[in-house]
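Residue numbers (my numbering): 310 to 685. Ideal Cβ positions, reconstructed from N, Cα and C, are used throughout, including at glycine. Keep in mind the model is a prediction, meaning the values are calculated, not measured. Here is the structure we will look at, set down as structure tokens.
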Ligand SMILES: [Mg+2]
């Protein structure tokens, strides 16, 4: 089988996009890899759509600075490791990490989709030993502005059947009292029997101040405190993780399993590779192995359309420990409608798709409605 064409499709919700909030489900970059056998693979990249499209569409500058689409055409999509290595090497002048690895991650997902469709099997059956057909889910959404609203959001998602809720970004980081009040109200609204994840969204800067805030939050039992600092502030992560009992989580900005070693060296408890950014599905399994070898936990980050949901669930189906599936509950068009396959909550769990490949269908009407028209 050969790849004949690579489409990088930019999508954007039809109504106004609020670029001031950290909601990446308002736009998306979808990949479609076409083959000479009529099989099309679908992937997604949760990054900056215009940047990723440029990385896919760019012509060759020289052997190590080539657009990924040009490299892909003519390759055998079933040689997934070989394609991955070739694209990594072919983009090494501008890549190695960041956006080029994000693009490569989405391509890797599309390759697995092709492999699954060619074999007539869901991806998880090709990816490793299948360990489960459903994964416990946590509702993942933005922290609203006030404690009263936070309480309402927690209440709503627990009423929907979730046993865990993550609130992140928004006002978190504003000041210590506000941070603690938001966490306290969230816990009080849901009671003792749910897991409450808090995502600071890089809102803190000083480790001593962060230690004080986490200690004040401890009585409200956050399940973890996520991404308190910018990703390169490894020393701050180390100081915080050493000083507090609440698990510290991070890793959605990291790419390539070896970089997660450095993050694990800080002593944090939970690493969070994103299947559309860290290098793809297999790379996330490598990160999980690294974490397990060091007695830590790996919980995938996932925040976008049903494509990333499906890709994450296939990885979680084979990961030895699948603590939680991050279920983005934003009510955006792309999160709720781009993929027609439903990810219904049953007993607090989401089922792993069973159809060939990713096991999902794209709603072509929604895709056309949200497609960003090429400018110039
Ligand atoms: Mg996060």
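**Item:** Three-state class that DSSP yields for residue 618 in the structure shown
**Value:** Correct three-state label for residue 618: helix.
**Message:** Please classify residue 682 as buried or exposed, where buried requires at least 16 neighbouring CB atoms within 10 angstroms.
**Reply:** It counts as exposed.
**Item:** Own chain, CB closer than 8 Å to residue 625, minus 5 neighbours either side, in chain order
**Value:** So the qualifying residues of the chain are 441, 444, 609, 631, 634 and 661.
**Request:** Report the rounded CA-to-CA distance for residue 536 versus residue 430, giving the unit in angstroms.
**Result:** Taking the Cα positions, residue 536 is about 36 Å away from residue 430.
**Item:** Residues that residue 283 bridges to, as DSSP identifies them
**Value:** Outside the shown range of the chain, which is 310 to 685, sits residue 283, and nothing can be said about it.
**Request:** Kindly indicate which residue of 312, 552, 598 and 677 has the alpha-carbon position closest to the one of residue 565.
**Result:** The shortest C-alpha separation from residue 565 is found at 598.
**8 Å Cβ cutoff met for residue 425 and residue 432** = In this structure, residue 432 lies closer than 8 Å to residue 425 by Cβ.
**Request:** Classify residue 475 as helix, strand or coil using the three-state DSSP reduction.
**Result:** In the structure shown, the three-state DSSP call for residue 475 is strand.
**Reduced DSSP secondary structure (H/G/I, E/B, other) of residue 428** = If DSSP states are grouped into helix, strand and coil, residue 428 belongs with the helices.
**Message:** Mapping the DSSP letters down to three states, classify residue 531 as helix, strand or coil.
**Reply:** Strand at residue 531.
**Request:** Measure the C-alpha to C-alpha separation of residue 575 and residue 546 and round it to an integer number of angstroms.
**Result:** Taking the straight line joining both Cα atoms gives about 6 Å.
**Prompt:** Helix, strand or coil: which one does DSSP assign to residue 632?
**Reply:** The answer is coil: DSSP assigns residue 632 none of H, G, I, E or B.
**Request:** Since I believe residue 616 is in contact with residue 339 (beta carbons under 8 Å), could you give me their beta-carbon distance rounded to a whole number of angstroms?
**Result:** Contact between residue 339 and residue 616 holds, with the beta-carbon distance rounding to 7 Å and staying under 8 Å.
**Prompt:** Between which two residues does the alpha helix (DSSP H) carrying residue 517 extend?
**Reply:** Annotation for residue 517: the continuous alpha helix (DSSP H) segment containing it runs 516-526.
**Item:** Cβ-based burial, residue 463 [other Cβ within 10 Å; buried from 16]
**Value:** Classification of residue 463: buried, given that the 10 Å Cβ count is 16 or more.
**Prompt:** Cβ of residue 488 versus every heavy atom of ligand 1: is any distance shorter than 7 Å?
**Reply:** A distance criterion of 7 Å places the beta-carbon of residue 488 beyond contact range of ligand 1, judged by its closest non-hydrogen atom.
**Message:** Mapping the DSSP letters down to three states, classify residue 565 as helix, strand or coil.
**Reply:** Residue 565 falls in the coil class under three-state DSSP.
**Request:** With a threshold of 7 Å, establish whether the CB of residue 610 neighbours any heavy atom of ligand 1.
**Result:** It does: the Cβ of residue 610 is within 7 Å (strictly closer) of some heavy atom of ligand 1.
**Asked** Bridge partners of residue 354, per DSSP?
**Response** Residue 354 is bridged to 338.
**Message:** Does residue 514 pass the burial test, meaning 16 or more other C-beta atoms within 10 Å, or should it be called exposed?
**Reply:** Residue 514 is exposed by the Cβ-count criterion.
**Asked** For residue 310 versus residue 344, is the C-beta spacing smaller than 8 Å?
**Response** Cβ atoms of residue 310 and residue 344: closer than 8 Å.
**Request:** Would you list the residues sitting across from residue 680 in a DSSP beta bridge?
**Result:** Under the DSSP definition of a beta bridge, residue 680 partners with 320.
**Asked** Leaving out the 5 sequence neighbours to the left and right, which residues in its chain are closer than 7 Å to residue 685 when beta-carbon positions are compared?
**Response** Only weak support is given to the placement of residue 685: the predicted model assigns it a pLDDT of 46, under 50, and the value that follows is read from those uncertain coordinates. Correct list: empty, nothing qualifies.
**Asked** Going along the chain, which residues of its own chain have a beta-carbon closer than 7 Å to the beta-carbon of residue 657, five neighbours each way excluded?
**Response** Excluding the 5 residues flanking it on each side, residue 657 has same chain C-beta neighbours closer than 7 Å at 445, 446, 470, 471 and 472, in chain order.
**Request:** Please go through the same chain and pick out, in chain order, the residues whose beta-carbon is closer than 8 Å to the beta-carbon of residue 676, but skip the five residues on each side of it.
**Result:** These residues qualify, in order along the chain: 318, 320, 339 and 647.
**Message:** When you measure from the CB of residue 355 to every non-hydrogen atom of ligand 1, does any distance come out below 7 Å?
**Reply:** In this structure, residue 355 has its beta carbon at no less than 7 Å from each heavy atom of ligand 1.
**Prompt:** Per DSSP, residue 449 forms a beta bridge with which residues?
**Reply:** Partner(s): 475 and 637.
**Item:** Three or more C-beta pairs below 8 Å linking the segment 549-562 and the segment 380-392
**Value:** Under the 8 Å Cβ criterion, the segment 549-562 does not count as touching the segment 380-392, having fewer than three qualifying pairs.
**Asked** If you draw a straight line from the C-alpha of residue 351 to the C-alpha of residue 423, how long is it?
**Response** Cα atoms of residue 351 and residue 423: separation of roughly 8 Å, rounded to the nearest angstrom.
**Prompt:** Which residues in the same chain as residue 342 place their Cβ atom closer than 6 Å to its Cβ, once the five residues preceding and following it in sequence are excluded?
**Reply:** Contacts found: 312, 315, 350 and 419.
**Asked** Using the beta-carbon count (16 or more within 10 Å), is residue 651 buried or exposed?
**Response** Residue 651 should be labelled exposed.
**Message:** Less than 8 Å between the beta carbons of residue 580 and residue 600, yes or no?
**Reply:** Yes; because the gap between Cβ atoms is below 8 Å, this pair is in contact.
**Request:** Starting from residue 695, follow the beta strand (DSSP E) in both directions and report where the run begins and ends.
**Result:** The question about residue 695 has no answer here: the residues shown for the chain are numbered 310 through 685.
**alpha helix (DSSP H) segment containing residue 590, residue limits** = Residues 590-602.
**Request:** Confirm, please, whether the CB-CB distance from residue 506 to residue 532 is below 8 Å.
**Result:** Going by beta carbons, residue 532 and residue 506 fall inside the 8 Å limit.
**Prompt:** Is it right to say residue 480 is buried, meaning 16 or more other beta carbons lie within 10 angstroms of its own, or is it exposed?
**Reply:** Residue 480 should be labelled buried.
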